[in-house]
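Colleague: Residue numbers (this note's numbering), protein chains in the order written: chain A, 1 to 226; chain B, 1001 to 1087.
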């Protein structure tokens, strides 16, 4: 597994970009490219784009709202439309919903409080590029750290997401009030995944768990190993 | 021209902040408050040439998230704005 051309996008206020780059490097063996939000163009021939967690633009207006309108996001949207895999974690998930690449919105946690702990998740769809390394129905444990992770979409959209197998991950415990306990959703083509839990913070034993590793391994294997 | 954009959560969308404010009001002993919804007020100072259609587009593209929020545009007459500080 080598030769992966991955890019990690950094917005002002991103704070998981280094963790994301480190995880991609540890799993793929190749150092990802780092892209600044003001860049109008992405590096050419990208295999993978990661939108990291954090508090882009201080969560001003709405979480992810300003970042989703930054110059680089137009390029990310075009790349996603061409089929380039995009993984958005936490604030990256919020940016993806705000940009329209994923449906729904992420609202303030139902319990008001910031939630920062490990949570159990169920892998609902293991047929995607990102989740192929898990078993369907498998329980995994990943850290969450967010204030606005309460996934909302109208019932019609939720029914469609479930019917099309686009719910990748569900919380196996009460976390933030998300509709139908949704923790991660895929776009229709399956090349964009947004999720609130942090797989990049669970890559090796020193992190306290390594259940996130398979997400990067399966994505990279699907891209470079094929 | 001064424009106020009122952004509010759509009916039916859970508003944990409104609920917390409601609980806090009750904690202060205020009774008779049936519900609280928290929103956002954005004030714009725009050129006279900015059209209603442009304002509408600003709201739909950025100021409100149309998945969960509604918006209302209020144009404020200049004469009123001078007195509004005390209002």
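Ideal placement from N, C-alpha and C gives every residue a C-beta, glycine not left out.
So that I know if they touch, is there some Cβ in chain A lying closer than 7 Å to that of residue 1050/B?
Modeller: No, its Cβ sits nowhere closer than 7 Å to a Cβ of chain A.
Colleague: Would you verify that the beta carbon of residue 226/A is, or is not, closer than 7 Å to some beta carbon of chain B?
Modeller: With a pLDDT of 47 at residue 226/A, under the threshold of 50, the modelled position of this residue cannot be trusted; read the value that follows with caution. Answer no: the Cβ-Cβ gap between residue 226/A and chain B never drops below 7 Å.
Colleague: Mind checking whether residue 1061/B and residue 1003/B have CB atoms under 7 Å apart?
Modeller: Not in contact: residue 1061/B and residue 1003/B (Cβ atoms no closer than 7 Å).
Colleague: Do you know whose CA, among 68/A, 89/A, 28/A and 199/A, lies nearest residue 134/A's CA?
Modeller: Measuring from the Cα of residue 134/A, the nearest candidate turns out to be 199/A.
Colleague: Under 8 Å Cβ to Cβ from residue 1086/B, same chain only, skipping five residues before and after it: list those, please.
Modeller: Reliability fails at residue 1086/B, whose pLDDT of 46 lies under 50, so the model's placement of it is uncertain and the value that follows must be treated cautiously. Within the same chain, residue 1086/B has no close Cβ partners at all.
Colleague: Closest Cβ-Cβ distance between residue 1016/B and chain A: below 7 Å?
Modeller: Chain A contact via Cβ: present.
Colleague: Using the Cβ count rule (16 or more neighbours within 10 Å means buried), how would you classify residue 114/A?
Modeller: Exposed, because fewer than 16 other Cβ atoms sit within 10 Å of the Cβ of residue 114/A.
Colleague: Check the Cβ-Cβ distances between residue 45/A and every residue of chain B, and say whether any is below 7 Å.
Modeller: For residue 45/A, the answer is no, since every Cβ of chain B falls outside 7 Å of its Cβ.
Colleague: Any beta carbon from chain A within less than 7 Å of residue 1067/B's own beta carbon?
Modeller: It does: the Cβ of residue 1067/B has a partner Cβ on chain A nearer than 7 Å.
Colleague: Using a Cβ-Cβ cut-off of less than 9 Å, list which residues of the region 76-98 of chain A approach chain B; keep chain order.
Modeller: Those residues of the region 76-98 of chain A that come within reach of chain B (Cβ to Cβ, closer than 9 Å) are 97 and 98.
Colleague: Of the choices 1039/B, 1006/B and 1013/B, whose alpha-carbon is the least far from that of residue 1021/B?
Modeller: Checking every option, the nearest Cα to that of residue 1021/B belongs to 1039/B.
Colleague: Taking the Cβ atom as the reference point for each residue, do residue 57/A and residue 107/A lie within a distance shorter than 7 Å?
Modeller: Not closer than 7 Å, so no.
Colleague: Would you mind working out which of 87/A, 81/A, 59/A and 75/A sits nearest residue 146/A, comparing C-alpha positions?
Modeller: Nearest C-alpha to residue 146/A: 59/A.
Colleague: List the DSSP bridge partners of residue 236/A.
Modeller: It is not possible to answer for residue 236/A, since the shown part of chain A is limited to 1 through 226.
Colleague: Output needed for residue 68/A: all residues of its chain with C-beta closer than 7 Å, excluding positions within five of it in sequence on either side, in chain order.
Modeller: Closer than 7 Å at Cβ, skipping near neighbours: 95, 98 and 99.
Colleague: In this structure, how does DSSP classify residue 143/A when only helix, strand and coil are distinguished?
Modeller: The answer is strand: DSSP assigns residue 143/A an E or B state.
Colleague: Alpha carbon to alpha carbon, how far is residue 10/A from residue 64/A?
Modeller: Their Cα atoms are separated by approximately 12 Å.
Colleague: Taking C-alpha atoms, which residue in 42/A, 38/A and 54/A lies nearest to residue 88/A?
Modeller: Out of 42/A, 38/A and 54/A, 54/A has the C-alpha closest to the C-alpha of residue 88/A.
Colleague: So is residue 1020/B in contact with chain A if we call contact Cβ pairs under 7 Å?
Modeller: Yes, its Cβ sits closer than 7 Å to a Cβ of chain A.
Colleague: At least one CB of chain A closer than 7 Å to the CB of residue 1087/B: is that the case?
Modeller: Bear in mind that the predicted position of residue 1087/B carries a pLDDT of just 43, short of 50, making it unreliable; the figure below should be weighed with that in mind. With 7 Å as the cut-off, residue 1087/B does not count as an interface residue toward chain A.
Colleague: What residues from the region 108-127 of chain A come within 8 Å of chain B, judged by C-beta to C-beta, listed N to C?
Modeller: Correct list: 108, 109, 110, 111 and 112.
Colleague: Within the continuous alpha helix (DSSP H) that includes residue 114/A, where are the two ends?
Modeller: That residue, residue 114/A, is in no alpha helix (DSSP H); it is neither H nor E in DSSP.
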